[in-house]
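Q: All residue numbers for the sequence shown refer to the numbering used here, where the first residue is 8 and numbers rise by one.
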Amino acid sequence: MDSRTKALCDFLDAAHSVYHAQAYLAETLKSAGYTRLYEQDEWALAPGGKYFLTRGGS
């Protein structure tokens, strides 16, 4: 199986709801070196940095 197809199948298996999808994608991004940002925090962003944020668990 092609790696992109496997990644899609893994995502579909894990994403039973929007909340599961968000959790899966957040872990994927963290594993790829992204930093999670929180709306209530002050952000110290660096040029070229990798960040993501979620709202309401989805």
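We put the beta carbon where it would ideally sit given N, CA and C, even for glycine.
Would you kindly report the start and end of the unbroken alpha helix (DSSP H) that includes T35?
A: 25-38 is the span of the alpha helix (DSSP H), which, as asked, contains T35.
Q: A21 and H27 - do their beta-carbons sit closer together than 7 Å?
A: Yes, Cβ-Cβ distance for H27 and A21 is below 7 Å.
Q: In three-state terms, what does DSSP make of T12?
A: Looking at T12 - three-state DSSP - the assignment turns out to be helix.
Q: Where DSSP assigns a beta bridge to R43, which residues make up the other side?
A: R43 pairs with F59.
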